[in-house]
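A quick write-up on the structure given underneath.
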Amino acid sequence: MMCVFFSFFLFVSVFSITIVEIMLQFQTMGVVSDVKVNILGAL
Numbered sequence: 002m003m004c005v006f007f008s009f010f011l012f013v014s015v016f017s018i019t020i021v022e023i024m025l026q027f028q029t030m031g032v033v034s035d036v037k038v039n040i041l042g043a044l
């Protein structure tokens, strides 16, 4: 059961990072960098 949960958590983490990287392409570097730091800090 823990393996399934861990896999799901890993998938969500990678998905979130991918979204942030995509945002990086469209928004100003400063704003997105702050968001990325906050996301990494939350983890």
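If you want the numbering used here, it's the 1-based position in the sequence shown plus 1.
Here a beta-carbon is modelled for each residue, glycine too, at the ideal position from N, C-alpha and C.
Whole-number beta carbon distance between residue j and residue i, since they are thought to touch under 8 angstroms
i, j, result
"V36", "V15", "V36 to V15, Cβ: 17 angstroms. No contact."
Sub-8 angstroms separation of residue i and residue j beta-carbons
i, j, result
"I40", "S8", "no"
Backbone CA spacing between residue i and residue j [nearest angstrom]
i, j, result
"M2", "L44", "22 angstroms"
"V5", "T19", "21 angstroms"
"L26", "F12", "Sequence check: residue 26 is Gln here, not Leu. Cα to Cα, the separation comes out at about 22 angstroms."
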